[in-house]
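What follows is a single structure, written as structure tokens, with notes after it.
There are 4 protein chains.
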Amino acid sequence: MSAEPSSTRRPVAPGAEEILGLYFPVLDHGFVSLVDYMGTDACIERAARVSYGFGTRKTQQTRGLLRYLRRHLHTTPSEMVELKFHCCMPMFVARQWIRHRTASVNEYSGRYSLMPMLFYMPSPEQLQKQASTNRQGRGGDRLDAAGYAEAVRRWNAIREASRDAYEWMTGNEIARELARIDLPLSTYTQWYWKIDMHNLMHFLRLRVDSHAQWEIQEYGRVMAGMFQRVAPISYEAWIDYDVCGMRLSRMELDALRQLIAAGEDSLTARDGSTLDAAALGALGLSKREAAEFVGKLVDTGVPHFDLDLARAKPASYFEERFAAAVPAVDQKA
Amino acid sequence: MSAEPSSTRRPVAPGAEEILGLYFPVLDHGFVSLVDYMGTDACIERAARVSYGFGTRKTQQTRGLLRYLRRHLHTTPSEMVELKFHCCMPMFVARQWIRHRTASVNEYSGRYSLMPMLFYMPSPEQLQKQASTNRQGRGGDRLDAAGYAEAVRRWNAIREASRDAYEWMTGNEIARELARIDLPLSTYTQWYWKIDMHNLMHFLRLRVDSHAQWEIQEYGRVMAGMFQRVAPISYEAWIDYDVCGMRLSRMELDALRQLIAAGEDSLTARDGSTLDAAALGALGLSKREAAEFVGKLVDTGVPHFDLDLARAKPASYFEERFAAAVPAVDQKA
Amino acid sequence: MSAEPSSTRRPVAPGAEEILGLYFPVLDHGFVSLVDYMGTDACIERAARVSYGFGTRKTQQTRGLLRYLRRHLHTTPSEMVELKFHCCMPMFVARQWIRHRTASVNEYSGRYSLMPMLFYMPSPEQLQKQASTNRQGRGGDRLDAAGYAEAVRRWNAIREASRDAYEWMTGNEIARELARIDLPLSTYTQWYWKIDMHNLMHFLRLRVDSHAQWEIQEYGRVMAGMFQRVAPISYEAWIDYDVCGMRLSRMELDALRQLIAAGEDSLTARDGSTLDAAALGALGLSKREAAEFVGKLVDTGVPHFDLDLARAKPASYFEERFAAAVPAVDQKA
Amino acid sequence: MSAEPSSTRRPVAPGAEEILGLYFPVLDHGFVSLVDYMGTDACIERAARVSYGFGTRKTQQTRGLLRYLRRHLHTTPSEMVELKFHCCMPMFVARQWIRHRTASVNEYSGRYSLMPMLFYMPSPEQLQKQASTNRQGRGGDRLDAAGYAEAVRRWNAIREASRDAYEWMTGNEIARELARIDLPLSTYTQWYWKIDMHNLMHFLRLRVDSHAQWEIQEYGRVMAGMFQRVAPISYEAWIDYDVCGMRLSRMELDALRQLIAAGEDSLTARDGSTLDAAALGALGLSKREAAEFVGKLVDTGVPHFDLDLARAKPASYFEERFAAAVPAVDQKA
């Protein structure tokens, strides 16, 4: 981004200005950079109140309103802030990411341009077995060293063959849109991605969740740190009401009502009340739901997504790496 | 709608077929009619499993999957069902309704066509004072009979003047787009409105809520009854997880953890545990949030939105009433 | 907006900075103000190329690319620019405007707040008769002075009755959501409205078109001038390819092919070729389409939407007028 | 789909019923099936008129209205028809397809399920060199037989290595979300895809265009044939105004005005008028634009997208092929 600061009459988020255009590494070759933003916490309040110009509200009043809006799902004012990212990720991550339809996207085109030969290699820590409970993810149980070595050997063989074929085909002027069809899903792509803060919060809540694929979580965590710098009050409300909040069903609330007495401004445990599996079932909770309910009462702590500025790189760092990874046969003008 | 049934190879929802094209009155001149639909509960399961053709799944298995999807916010399969309504409502209701941007809409055009002179008149029960707690709605406190009579007198005077002006202007061939600018917001308009079931559930949850304006709630309740007939299993899940469910914040969950001990498959009240106003505040709940939290533990019962088929009218009933209410000066071809 | 400029590392549009937060009057009480923006012409190019950081492209190269993208409907890069407006308009205009579903909106709430008693009064020039050709608009034929006076008399009577009723009802603490239901559609409302440039261009093309209601055209023209200041190269392309461009049908192109011979890099009229009504009909053009086709060959000139900065007001100008027009009975905190 | 027809009171499109649930092969392993639809041409007219129930309009009147709407971009009524497809395509095609954000999608999950080992192999006709003019596609110039054989040899080697690795990894219980990361982009995936007719027309116009990648064109052509059977009048209008229509710029129209004289209901070539490269440039057309303009006057004929019912398969045909291609190590319940 511009090394030279300019003058503007637009609202400015000082925390965001500090990181604007810095590239934060993710996985082995990927990155996320906040390249532009519009609006701040104060702009959300102003839109919610449909007020004229900048006021002189105290931060404390803004915080109260923004938390009220978030709690009661008055989400339209949070659409008034916009963030634009430059991101680079393996294609299997890109395919999950693009399912969020409320963003604007411009992706690097493999039909038009030559692809850099960069592929994602999972670390030994991440090469885990299929989870038995979360049936779509990994379960924490790592492969042994020999197994990991074998996986790496196979991946490298595939990638070498893919790269050779890609270079041979593009070297023989085969249409790029065909030369790329046997690149593996681990190949890195990149895009510009713009989204409003309301939809970003939805995206991030799903993507920093432990049920998301670990690789996309890594992107979510960095982007959550960027969101925090654009709109810190909104970020705090998002942590309290979304990330660390839970949805309780009618049956779960009925269970709570049997365990807790609500006073005028107090809550008291009903002495001796207990709900065993049978009682939870009688309330309409399936066995699976009962287990989920119990799990909601386990405190898993509050996540922190602060950015580590020491890890940030200039744009040129990645630009050079990617240029070097493009097959040498030919360069588009 | 077609009096004559046809043959189709599409999935059919028997409950919806019974009411298709019937017009259900809402408020004094309005209506809602389900005029078309696509898909059923079974179609949601099929999309979620990306399976081929119609299977032979048992309803019980479908129910388990659909409730799991709803509970875990896997919402895309519920976009696979679509409903189309013909609706008629006062313009102030239409203005709230149209804020939901995920529907397709075709509204009656006051630029092109003459408007029927039909206006919404609130009943004595509904003419209430501003609520003190819910600062945007009515508070339950009714006006006395004299006050109501005075309100009605004023409304009738305004409407008579509006109607006279509209008839005078359209009678003098003033452009309809201008002749209508002083019609009151209580004037009825109508539209075709199509939406997928996922977005319908979101719309309905907000609109059957007690914080919505009562007049739009009336529409929501009838449409919820129609939704129930298209996809009864999804409807039940929506009641259990959305309408009668609640979102709890990080601080509220922390409070629960102090009041309840979670066992392996059971929950037990912690004897002697109580959280007074100070304790709730110490957990980070503002005074307002603490009151909202206590309120969540009050059982407000399960709403029922079954349609009363005895109230249904044929399309012609409303068609004739509306044709009769159009100024006689001139009729578009 | 902020009187004090700040420092930013974001891309800056100098033309937009000059007008940021200025309020431009529209109609008798309305306004539009550009209150924030994100991105410039250069950002569109950068997104289209998925390039790193700010480059050193010449404006001429940017222009060529942006015009190419516009011409070939590669519209996603133009989503990368965002504009935020504060607007005030009569409700009948707001109802047309809100049909564009791709924007974010926060409207002043008549349920929560008291409405200012400001109503739109058409000028004598605008009080025209229904068009005979464009069946939904006005036709240019003005009412005579007596007719206009009578229309004004009727409008004033309705507005006086509406205002009296509104003040009486809110003075008697009737819920605001009901007190407002007989305000006329000419009552002014206001909102914050945010949209990306791609969707703004679509909105503006429809709304500066002569078939749109004249009152909303007035808003479109001011907003087109604001767009021009954010992204002047995109604006020029929009004028050339959208506003002053036309869509030709298969049949119309077939007609052109009979009238014009295409050389390698030249076009030549085919001597003696003529297509009369019968010939156009034989090509598949209905009588109406043939007339539309002939109309497309009439040069209607290039519109200019430059803003007149001398008309701009500070936010406080409208803030004070609106505060003064709110009934005095009671003010929300 | 259901072998057994049911009774419905919904509008029925007879042409669509004939093909409902039939699977049409595309490429070497892919398919498209229309699995459900809502609405017909008559429903679009009814929504546009906001009329009650089924009328007795003649098809000719419906056609006139629908073509008028299409010509003048009154697109909202065409959102009232909905189509649902079951599609199977290589992932590089899926990645282009998913960029259309206005559809609902449920894709087969490689995190949850085992992927079938089916890969797209381009035919000798399709293995062409990069185009020099259309810089993102193939140019028609085929590889020689030896070149094709070499490409196939390389593709087969990559696929064999990918399949072996996938089977080895899933056989060793490595998380499926990781086992799949080196599958090539030519691997087939599948999804349910639902879209309204307005957005389908936009999608199809771009995807049957010669600038789209040939492989996705193949899907577009089959889906255009399905659209034709749901709404034949709309389809015809789409061909005439979109597929075979063109957008002309301000400068191109200015050129036409120099070559053609518009009479009251006729068009006549201006004898002796010619515009050479210099004259076109003087009108503001760049060299590239001038060439594009000349190209618009070349008649490329009217495409036909009629489905060949003889090629249709039952769902079970593909279901069995895909089940057989899933690695045998383990099957999800």
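Chains as they are written, first to last, in the numbering used here: chain A, 80 to 412; chain B, 80 to 412; chain C, 80 to 412; chain D, 80 to 412. We put the beta carbon where it would ideally sit given N, CA and C, even for glycine.
- Got a sec: is the Cβ-Cβ distance from Phe171 of chain A to anything in chain D below 8 Å? yes
- Message: Below 8 Å on C-beta distance, what does Gln215 of chain D contact in chain A?
- Response: Ser188, Arg190, Tyr191, Arg255, Glu256
- Query: If we call anything under 8 Å between Cβ atoms a contact, is Pro393 of chain C one with Tyr187 of chain C?
  - Reply: no
- Item | Under 9 Å by beta carbon: chain B residues contacting Val377 of chain A | Arg336, Ala341
- What are the start and end residues of the alpha helix (DSSP H) that includes Thr87 of chain C? Thr87 of chain C -> not in any alpha helix (DSSP H); beta strand (DSSP E) instead, spanning 85-87.
- Task: Identify the contact partners of Arg259 of chain A in chain D, using a Cβ-Cβ distance below 9 Å as the criterion.
- Result: Phe171, Leu264
- So which of B:Arg214, B:Tyr116, B:Leu152, B:Tyr298 has the shortest CA-CA distance to Pro169 of chain B? B:Tyr298
- Query: For Gln269 of chain A, does the three-state DSSP call read helix, strand or coil?
  - Reply: Collapsing the DSSP output to three states places Gln269 of chain A in a strand.
- Go ahead and pull the three-state DSSP assignment for Gln410 of chain D. A caution first: Gln410 of chain D carries a pLDDT of 45, below 50, which makes its placement in the model unreliable, though a value can still be read off. Note: Gln410 of chain D maps to coil in three-state DSSP.
- Please name the residue, chosen from A:Asp223, A:Ser328, A:Ala402, A:Thr212, that lies closest to Val381 of chain B on a Cα-to-Cα basis. A:Ser328
- Can you list the residues of chain D that Thr347 of chain C reaches, using a CB-CB cut of under 8 Å? Leu338, Ser352, Thr353, Leu354
- Three-state secondary structure assigned by DSSP to Glu161 of chain D: strand
- Item | Option in D:Glu97, D:Ala92, D:Pro90, D:Pro93 with minimal Cα separation from Ala389 of chain D | D:Glu97
- Determine the closest residue to Ser79 of chain D out of B:Ala121, B:Leu364, B:Tyr131, with distance taken between C-alpha atoms. With chain D covering only 80 through 412, there is no way to say anything about residue 79 of chain D.
- Query: Does the beta-carbon of Ala412 of chain B have 16 or more other beta-carbons within 10 angstroms, so that it is buried, or is it exposed?
  - Reply: Unreliable placement is indicated for Ala412 of chain B, whose pLDDT of 38 sits below 50; the coordinate value is still reported in the next sentence. Answer is exposed; the Cβ neighbour count stays below 16.
- CB contact check: Ala126 of chain A to chain C, cutoff 8 Å: By this cut-off, Ala126 of chain A is an interface position.
- Message: Between Thr181 of chain B and Asn278 of chain B, how many whole angstroms is the CB-CB distance? I'm expecting something under 8 Å.
- Response: Confirmed, Cβ separation roughly 4 Å.
- is_contact[Asn251 of chain D, chain A] using C-beta, thresh 8 Å: yes
- Message: Quick check: Lys419 of chain C and Leu222 of chain D, are their CB atoms within less than 8 Å of each other?
- Response: This structure leaves residue 419 of chain C out entirely; chain C is present only between 80 and 412.
- Item | Simplified DSSP assignment, three categories, for Met80 of chain D | Confidence in Met80 of chain D is poor, its pLDDT being 44 and thus under 50, which makes the residue's placement unreliable; the coordinate value appears in the next sentence. If DSSP states are grouped into helix, strand and coil, Met80 of chain D belongs with coil.
- Given a cut-off of 8 Å, decide if Val301 of chain A and Val105 of chain A are closer than it, judged by their beta-carbon atoms. For Val105 of chain A and Val301 of chain A, yes; Cβs fall inside 8 Å.
- Task: Answer with buried or exposed for Met80 of chain C, where buried requires no fewer than 16 other C-beta atoms within 10 angstroms of its C-beta.
- Result: Confidence at Met80 of chain C is low in this model, with a pLDDT of 44, below 50, so the placement of that residue should be treated as unreliable; the coordinate-derived value is given next. It counts as buried.
- Item | Residue-level contact to chain A via CB, Ile237 of chain D, 8 Å cutoff | Closer than 8 Å: yes.
- Look at Arg233 of chain A and Trp247 of chain D and say whether their C-beta atoms are less than 8 Å apart. Yes, they are a contact pair.
- Item | Partners in chain D for Met330 of chain C, counting only beta-carbon separations shorter than 8 Å | Asp319
- When the cut-off is 8 Å and only beta carbons count, does Arg150 of chain D lie next to chain C? yes
- Out of B:Ile295, B:Ser192, B:Ala291, state which residue places its alpha-carbon closest to the alpha-carbon of Asp107 of chain B. Asp107 of chain B has its Cα closest to that of B:Ile295, out of B:Ile295, B:Ser192, B:Ala291.
- Message: Just verifying my parser: in three-state terms, what is the DSSP assignment at Arg326 of chain C?
- Response: It is a strand residue.
- Task: Mind the definition here: the segment 263-271 of chain A touches the segment 143-157 of chain A only if three or more C-beta pairs lie below 8 Å; say whether that holds.
- Result: no
- Does Trp176 of chain D have its Cβ less than 8 Å from a Cβ in chain B? No - not a single Cβ of chain B is within 8 Å of the one on Trp176 of chain D.
- Message: What are the residues in the segment 285-298 of chain D lying within 7 Å of chain C by C-beta distance?
- Response: none
- Cβ neighbour criterion (16 or more within 10 Å) applied to Leu257 of chain D: buried
- Message: Can you check whether the C-beta of Met280 of chain C is within less than 8 Å of a C-beta belonging to chain D?
- Response: By this cut-off, Met280 of chain C is not an interface position.
- Message: Can you tell me where the beta strand (DSSP E) holding Tyr198 of chain B begins and where it ends?
- Response: The amino acid occupying residue 198 of chain B in the given sequence is Phe; Tyr does not appear at that position. No beta strand (DSSP E) contains Phe198 of chain B, which DSSP labels as neither H nor E.
- Would DSSP call Val185 of chain A helix, strand or coil? Here the sequence assigns Asn to residue 185 of chain A, which means Val is not the residue at that position. Three-state DSSP puts Asn185 of chain A in a strand.
- Message: Can you list, in chain order, the residues of its chain with a C-beta nearer than 8 Å to that of Val91 of chain C? Leave out the 5 residues immediately preceding and following it.
- Response: Thr119
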